[in-house]
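Here the structure comes first, spelled out in structure tokens, and everything after it is commentary.
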Amino acid sequence: MFEVSSLSASYGEAAALHDVSLTIAPGEVVTLVGRNGAGKTTLLRCLMGLHRQYTGGITLDGRRIDGLTPDRRARAGVGWVPDDRGIYATLTVFENLTLPPIVGPDGWSLEKIYDVFPALRDRRGSMGTQLSGGEQQMLAIARVLRSGSRLLLLDEPSEGLAPVIVQRIAEIIREAKQHGVAVLLVEQNVKFAATVADRHYLLAQGRVVESLDNAEFQRRETELLAHLGM
Ligand code: ATP
1 MFEVSSLSAS YGEAAALHDV SLTIAPGEVV TLVGRNGAGK TTLLRCLMGL
51 HRQYTGGITL DGRRIDGLTP DRRARAGVGW VPDDRGIYAT LTVFENLTLP
101 PIVGPDGWSL EKIYDVFPAL RDRRGSMGTQ LSGGEQQMLA IARVLRSGSR
151 LLLLDEPSEG LAPVIVQRIA EIIREAKQHG VAVLLVEQNV KFAATVADRH
201 YLLAQGRVVE SLDNAEFQRR ETELLAHLGM
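So for the sequence shown, UniProt numbering puts the first residue at 1; every next one is plus one.
So this is what it looks like as structure tokens:
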């Protein structure tokens, strides 16, 4: 179980998150929905330890991780796919996949990765720079699954990608879910969020204003999005 309790964050004097609490069970996909500037990326950066100016608790599988460096959080099982995907441009697909350490017993084998992501098998000798946006996104997710992370943090994975690739990413998120990975998905593409998520947290001006299951989210979508100003 992944748990965030009463997390508040700021940039200097400016508050960015207020008292955010959330939970994600293994195999659960949860989204964080909110307009630009709501604090979504700040929250992911706090969870990964990349933004340090915050208070509150972060626990993964019973272990407090909020005092750890980003590197140690990765080793504790937190996997991060940043919005720029973070691919090493001058390394090959194979090198990008195999560079990060294996941090858990459930990491996917290379064979499994290549079966689920056939494009990465075809492109395994290509440099990061030679990949399309969709291939980079697949590689970034595959890298986390290979490492055996228990938590996958995804920052706007559908942004700028063709609908057919977005559909593929949804399938891959479902596959990760089936393997018991907890997924926190930041999304502005609400249709995409509703096709993959079990639950949603709505974030406005740094606060969680609603927490609801996917059925209720879909039923009240228009009202909720108007409320968020999206
Ligand atoms: P977006 O989808 O545009 O990335 P977001 O929901 O991820 O939006 P954040 O980027 O987390 O929002 O921003 C939350 C608040 O923190 C905003 O008011 C933003 O201006 C502020 N902020 C973000 N990064 C910084 C920074 N490096 N320095 C100062 N303020 C920042």
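Just so it is clear, CB atoms sit at the ideal spot from N, CA and C, and this is done for glycine as well. It should be emphasised that the depicted structure is a prediction, and the values quoted were computed from it without experimental measurement.
Check: Pick helix, strand or coil for residue 232, following the three-state DSSP scheme.; Outcome: Nothing about residue 232 can be read from this structure; the chain reaches only from 1 to 230.
Check: Quick one: what's got a C-beta closer than 7 Å to Leu-68's C-beta in the same chain, skipping five residues either side?; Outcome: Gly-49 and Ala-76
Check: Return helix, strand or coil for Val-103, following the three-state DSSP convention.; Outcome: coil
Check: Under the assumption that Val-196 contacts Leu-185 (Cβ atoms under 8 Å), give the Cβ distance between them as a whole number of angstroms.; Outcome: 7 Å
Check: Three-state secondary structure (DSSP) at Leu-60?; Outcome: strand
Check: Could you give the residue range of the beta strand (DSSP E) that holds Thr-23?; Outcome: 14–24
Check: Excluding sequence positions up to five away, which residues of its chain have a Cβ less than 7 Å from the Cβ of Gly-229?; Outcome: Arg-35
Check: Would a C-beta distance cut-off of 7 Å place Leu-202 and Val-33 closer than the cut-off?; Outcome: yes
Check: Alpha carbon to alpha carbon, how far is Ser-5 from Gly-206? Give it in angstroms, no decimals.; Outcome: 14 Å
Check: Kindly indicate which three-state DSSP category Arg-35 falls into: helix, strand or coil?; Outcome: coil
Check: Determine the direct distance from the alpha carbon of Thr-41 to that of residue 235, and round the result to whole angstroms.; Outcome: Outside the shown range of the chain, which is 1 to 230, sits residue 235, and nothing can be said about it.
Check: Taking the C-alpha atoms as reference points, what is the distance between Tyr-54 and Leu-43?; Outcome: 10 Å
Check: Alpha carbon to alpha carbon, what distance is there between Phe-117 and Ala-142?; Outcome: 8 Å
Check: Can you tell me whether DSSP reads Arg-85 as helix, strand or coil?; Outcome: coil
Check: Residue range of the alpha helix (DSSP H) that Glu-171 falls in?; Outcome: 163–178
Check: By alpha-carbon positions, which one of Thr-92, Gly-125 and Ser-147 ends up nearest to Lys-112?; Outcome: Ser-147
Check: Closest Cβ-Cβ distance between Arg-35 and chain D: below 7 Å?; Outcome: The structure shown contains no chain D; it is built from a single protein chain.
Check: Can we count Gly-56 as close to ligand 1, meaning its CB is less than 6 Å from some heavy atom?; Outcome: no
Check: If you measure from the CB of Arg-88, is any heavy atom of ligand 1 nearer than 6 Å?; Outcome: Contrary to the premise, residue 88 reads as Tyr rather than Arg in this sequence. No, since every heavy atom of ligand 1 falls outside the 6 Å radius drawn around the Cβ of Tyr-88.
Check: Quick one: what's Leu-151 bridged to in DSSP?; Outcome: Val-78 and Ala-182
Check: Return the bridge partner residues of Phe-2 from the DSSP annotation.; Outcome: Ile-24 and Leu-60
Check: Under the criterion of a Cβ to heavy atom distance below 6 Å, does Asn-36 qualify as lining ligand 1?; Outcome: yes
Check: Enumerate in chain order the residues of its own chain whose CB-to-CB distance from Phe-2 is below 6 Å, with the five nearest sequence positions on each side excluded.; Outcome: Ile-24, Leu-60, Leu-151 and Ala-182
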